[in-house]
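Taking numbering that gives the first Met the number 0, the leading residue of the sequence shown gets 0, the next gets one more, and so forth. Beta carbons: idealized from backbone N, C-alpha and C, even for Gly. Structure first, commentary second.
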Amino acid sequence: MIDIGPQPSQITGLVLAGGRARRFGGADKGLLTLHGVPLAVHALARLRPQVGSLLLNVNRHGATYRGFGVPLCSDAEPEAFRGPLAGMAAGLQACATPWLLTVPCDGPHFPLDLAIRLGRAVGAAGAAAAIARAGDRRHPVYALLSRALWPDLIAFIAAGHARVDAWMALIGAIEVDFDTPEAFANVNTPEELRALDMPDAQQATPVRGLTMDHRQAPSEASGFAAALADRTQCEPAGMRVEQARDAILQCARLVPPTLAMQRVPLRDALGRVLAVDVVAPLNVPAWDNSGMDGYALCADDLGPDGAAVLRAVGSALAGHAFAGRVERGTCVRIMTGAVMPAACDTVIPQELCQIEGDRVTIPPRLVRRGDNVRQRGEDLRANSVALPAGRRLRAADIGLLASLGCTDVEVRQRLRVAVLSSGDELRSPGDALDSGSVYDSNRHTLRAMLDRLGCDVLDLGVIPDDPDALAQALRIASARAHVVITSGGASAGEADHLRRTLQTLGDMAFWRIAMRPGRPMAFGRIDGDGHSTLVFGLPGNPVAVMVTFYMFVREALLQCAGTTPPPLPMLSVVAAVPLRKRAGRTEYQRGRLCRMDDGRWSVELTGDQGSGILRSMSEADGIIVLSHDRGAVEVGEVVDFLPFEGLA
């Protein structure tokens, strides 16, 4: 069965937690605890695997809610208490995706396929909204809404209305049947909450290993708990690459940095992430114009076979429209880009015509009505979304914005990434080398890769193998940056302090991955001052630093920057040489591309594959990716190849 409708990446999940619970003495219902965890966190955990991003609608206790690591939005008039409709309006305004999925904070057991079923329904019906129904009861607060409905909802609220079901009926929301009425039960009274909180009541939220029980604090009910749960199930060699990548992205979604909006000139916008949709203020092109140098004519003057003899009565140039009138039996000489004269609907290329003075002969069967005319709004229609929020701007996008007359654009603040290296043996380039010391190349490699991603880099230099010095550097980094990347010190040696330091300052999700090179890679977070900072502890070997960055860090950073990371551009190429490989881990080998006689591409190794040999990376065109379960590769077999060229 083909899935119809929006994909998870196109949906923002909104938990409505903005109201006051009268039956609970005016308490904030989202902060009432079930099994020791706030109701709002239960709802977030069930939404997380269904959507691409999350929002919380709150009107009070912002500092507490910010500790859950999810962006907040508030009602336009928080003191007016307009109910769920006001929260929906706030969510539609704040979300950066085309669709918004809303759920109440007091429904901890709603279906885990809510998004996909509502999404299929709106896709199949071409509708702008869908709500859940169970038995004979509608549940309009469990709704999937098109962001385009925001102006209608604002007008509905401004007219004094506050009933969700009335608005859903007005916009024609379709109803989707669910056969589990108990899934939509909400907590309305203290007695109902106590009943759910009994030891034999439902004790967990079954989302990817994230179990919320009475032992967990709210700040721990996050993707890190899920990653820790996954870690206990990994193989002896470490987590699979796919497991680790999923866990990292899962954590990054739940601990997104707060990036302010900035307006920058168009010339400075390349590589920046759009903060809001760019809506076309005009049609592009703004008028019907010619796509060819030739003659503009009216197709009614063509004979049954498409032939005609017409008289040229003037010319139209780009920027200089024909000011006269085109009568029957006449045509106008026209250049590419020139405005089509009134009454003309077709252009025939000049090379297809026979010209004698002002007489233009058009042979049969060479042109049809509408040929070679660029229609008004053909590229972009006025008031349509030209570029969506969350897009990382490329060169073509800059040109598109210029075609709309944009001089500047609203973007997200650049992601700030702190970089440091750890090791007593490291020296910075320019310093003298002592016996046994080496120059630190990793920070410079990381800076270059981060520059290509458009990040602001905070370079904290080389930190000695001292746990107190490392802890102090990490505290400074987490206070001044959105993400921290270290190299070295992530293994299990005597001087490898990163794991223990992370566990002291925050949390460590995992530190060992079944891959080569790059097995000792740590990932965790630092908690402090009301926010959490992601930390990537990369290995010390230079090649392993690059491999782990491309395979794990790059995608997470793009997500933290506010954009949807595109998949890595893997190519299928032929192995030109045998490749040694042991099943049970993913391996990355450096390769150089060669063009074969039959036009296909093959790949050969760039020499010694030791993880400390950076020269082999410099000489490579990219990385050969050999999957976890694959064994040795024979000549002629097809392998995956990640090219460096164009990789940001």
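Would you identify the three-state DSSP class for residue i, choosing helix, strand or coil?
i    : result
H160 : coil
Q6   : coil
L117 : helix
S617 : helix
R612 : For the record, residue 612 in the displayed sequence is Ile; it is not Arg. Reduced to three states, the DSSP call for I612 is coil.
T485 : strand
E355 : strand
W98  : strand
D292 : coil
H41  : helix
D74  : coil
A395 : helix
L646 : coil
Q412 : coil
V573 : strand
P83  : helix
Tell me, which residues are paired with residue i by DSSP?
i    : result
E174 : I130
Q242 : Paired residues: none, contrary to the question.
N650 : Outside the displayed span of the chain (0 to 647) sits residue 650, for which this structure offers no information.
R591 : E603
L53  : G12
M448 : According to DSSP, which records beta bridges pairwise, M448 is partnered with nothing at all.
I361 : A307
I622 : R589 and L641
Q261 : V410
Can you find the residues in the same chain that come closer than 6 Å, C-beta to C-beta, to residue i, ignoring five residues on each side of it along the sequence?
i    : result
V283 : D378, L379 and S402
P256 : H481 and C559
P348 : M291 and G293
L570 : F640
A279 : L379, A381, S383, A385 and L403
D199 : Low per-residue confidence applies at D199: pLDDT is 39, beneath 50, and the placement is therefore not dependable, though the value from the model is reported in the following sentence. For D199, where only same-chain residues beyond five positions count, there are no Cβ hits under 6 Å.
E554 : P564
Q232 : For Q232, the pLDDT reaches just 44, beneath the cut-off of 50, and the residue's location in the model is therefore unreliable, although a value from the coordinates is still provided. Excluding residues within five positions, none has a Cβ falling inside 6 Å.
A39  : V14, A16, G29 and C104
Let me confirm a value: residue i is counted as buried when at least 16 other C-beta atoms fall within 10 Å, else exposed. Which label applies?
i    : result
D396 : buried
P519 : buried
T179 : exposed
H319 : exposed
S289 : buried
A16  : buried
Y438 : exposed
M339 : buried
D299 : exposed
R540 : According to the sequence as given, residue 540 is Asn; it is not Arg. By the 10 Å Cβ count, N540 comes out buried.
A341 : exposed
S427 : exposed
F643 : exposed
E636 : exposed
D176 : exposed
T444 : buried
R581 : exposed
Can you list, in chain order, the residues of its chain with a C-beta nearer than 8 Å to that of residue i? Leave out the 5 residues immediately preceding and following it.
i    : result
L459 : A417, V418, L419, A472, I475 and A476
C405 : L265 and V277
R146 : L91, C94, T96, P97, W98 and L99
L84  : L152, F155, I156, H160, A161, R162, V163 and W166
Q588 : L578, L604, Q608, I622, I623 and L625
T500 : P466, L469, A470 and L473
W592 : The question names Trp, but residue 592 in the sequence shown is Leu. The residues are V572, W600, S601, V602, D620, G621, F640 and P642.
For residue i, which residues from the same chain have a beta carbon less than 7 Å from its beta carbon, with the 5 sequence-adjacent residues on both sides left out?
i    : result
I512 : G237, M238, V240, A243, R518 and M520
A216 : Unreliable placement is indicated for A216, whose pLDDT of 33 sits below 50; no coordinate value is reported for it.
Legend entry - Touching by the beta-carbon criterion (3+ pairs, under 8 Å), the region 330-348 and the region 244-262: no
Legend entry - Validate contact between the region 113-127 and the region 55-65 using beta carbons, cut 8 Å, 3 pairs: no
Inset, instruction - Examine the Cβ distances between the region 616-631 and the region 536-554 and report whether three or more of them are shorter than 8 Å. - result: Contact holds: three or more Cβ-Cβ distances are below 8 Å.
Inset, instruction - Say whether the region 426-433 touches the region 494-513, bearing in mind that this needs 3 or more beta-carbon pairs closer than 8 Å, one atom from each stretch. - result: In short, these stretches do not touch, since the Cβ pair count stays below three.
Inset, instruction - Count the C-beta pairs between the region 111-118 and the region 23-32 that are closer than 8 Å, then say yes if the count reaches three, no if not. - result: No: fewer than three Cβ pairs fall under 8 Å.
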